[in-house]
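*Asks:*
There are 2 protein chains.
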Amino acid sequence: MTLKPNIEPSTDTSLCPMPEIAKLIGGKWKLIVLQILIFHGMHRFNELRRKIDGVTQAMLTKQLRALEQDGLISRKIYPEVPPRVEYSATQKAIDLREMFEAMHRWWLNQQG
Amino acid sequence: MTLKPNIEPSTDTSLCPMPEIAKLIGGKWKLIVLQILIFHGMHRFNELRRKIDGVTQAMLTKQLRALEQDGLISRKIYPEVPPRVEYSATQKAIDLREMFEAMHRWWLNQQG
DNA sequence: CAGAATCCTGTGCGATACTG
DNA sequence: CAGTATCGCACAGGATTCTG
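Going line by line, the protein sequences match chains F and E.
Following the working numbering, the numbering of the first sequence begins with 62 at its first residue and continues without gaps.
Following the working numbering, the numbering of the second sequence begins with 62 at its first residue and continues without gaps.
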């Protein structure tokens, strides 16, 4: 199998600014947060926290705020006692599904 | 179109450790370096440098070493004067093509 | 041309404690 | 339960200079 140098769609670097994408999904916890919300649906704060091994509240909060800022997740607050906050993937994030699936296939392939 | 919560293949988080992947392709210049080498074939050091806006020699060198360490690129040295070093994507990196294409489609979709 | 060697800095990340 | 508020450090990132 040979590498054909001039294959679209990523041939034109200027059209696909990887640094921008890296900013969106960079950060130690963003990929895992997105993966969970995209493939497993809505989660409450502590549900996320429990599923993500090693993350602290402070860090999780920061990354969630950043993702919200970038329009990748939505945050729904219920004015109750005790408080309830639900996080979901936005359509923009859900559209990343293909990318995650490609990542996943690649990863499995590397192991074998 | 609705989000179906229980769709493979990324359902089992433990099988797809995003933090590991983030380590491989994280870093400010790695994605762009990989994209260039994967889709545009072999490059010499200064060719890469010219194509990547804003990167310094030191940073490019570091990221290239890290990528080499992770088996994503190969480095071929020609014992000549002046020295020549060629960087190429390994098969492992070339297999990331699908992921890059998914990223690219997603990015274009966001703009429109 | 393709780097190595230094030195410096911002901030990503984290531990801890406190709150409505 | 779901956060804020502080503090601190390591390290990624960068500017600059030197070299075979």
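The beta carbon of each residue, even a glycine, is placed where N, CA and C say it ideally should be.
Quick check on S71/E - is its C-beta less than 8 Å from some C-beta in chain F?
*Replies:* Unreliable placement is indicated for S71/E, whose pLDDT of 40 sits below 50; no coordinate value is reported for it.
*Asks:* From R145/E to H165/E, what does the alpha carbon distance come to, in whole angstroms?
*Replies:* Between R145/E and H165/E, the C-alpha separation is close to 32 Å.
*Asks:* Got a sec: is the Cβ-Cβ distance from Q96/E to anything in chain F below 8 Å?
*Replies:* By this cut-off, Q96/E is an interface position.
*Asks:* Could you name the residues that DSSP lists as bridge partners for A150/E?
*Replies:* Bridge partners of A150/E: I134/E.
*Asks:* Please classify Q124/E as buried or exposed, where buried requires at least 16 neighbouring CB atoms within 10 angstroms.
*Replies:* Result: buried.
*Asks:* Whose Cβ in chain F lies nearer than 8 Å to the Cβ of E159/E?
*Replies:* Correct list: A163, R166, W167.
*Asks:* Does the separation of the CB atoms of L128/F and L109/F fall below 8 Å?
*Replies:* Their beta carbons are not under 8 Å apart, which means L128/F does not touch L109/F by this criterion.
*Asks:* Have a look at E141/F, R111/F, P78/F and flag the residue whose alpha-carbon is nearest the alpha-carbon of V94/F.
*Replies:* Among E141/F, R111/F, P78/F, the Cα nearest to that of V94/F is on R111/F.
*Asks:* Count the other CB atoms, across all protein chains shown, that sit within 10 Å of the CB of K91/F; report buried if there are 16 or more and exposed otherwise.
*Replies:* Burial call: buried.
*Asks:* Expressed to the nearest angstrom, what Euclidean distance is found between the alpha-carbon atoms of A163/E and E81/E?
*Replies:* Spanning the two alpha carbons is a distance of roughly 19 Å.
*Asks:* Cβ of P66/F less than 8 Å from any chain E Cβ?
*Replies:* At P66/F, the pLDDT of 42 sits below 50, so the modelled position is not reliable and the matter cannot be decided from this model.
*Asks:* Using 10 angstroms around the beta-carbon of Y139/E, count the other beta-carbons present and answer buried if the total reaches 16, otherwise exposed.
*Replies:* Exposed, since its Cβ has fewer than 16 Cβ neighbours within 10 Å.
*Asks:* Considering Cα atoms alone, identify which of F106/E, R126/E, E159/E, R158/E is closest to P143/E.
*Replies:* With distances taken between Cα atoms, P143/E lies closest to F106/E.
*Asks:* Taking C-alpha atoms, which residue in M103/F, C77/F, K89/F, G87/F lies nearest to I134/F?
*Replies:* Checking every option, the nearest Cα to that of I134/F belongs to M103/F.
*Asks:* Opposite R105/F in the DSSP bridges: which residues?
*Replies:* DSSP, once it has assigned bridges, lists E147/F as partnering R105/F.
*Asks:* Please identify the residue among G173/E, I97/E, Q171/E whose C-alpha is closest to the C-alpha of I155/E.
*Replies:* Comparing Cα positions, the closest option is I97/E.
*Asks:* Given a threshold of 16 other Cβ atoms within 10 Å of its Cβ, counted over all protein chains shown, does A83/F qualify as buried or as exposed?
*Replies:* It counts as buried.
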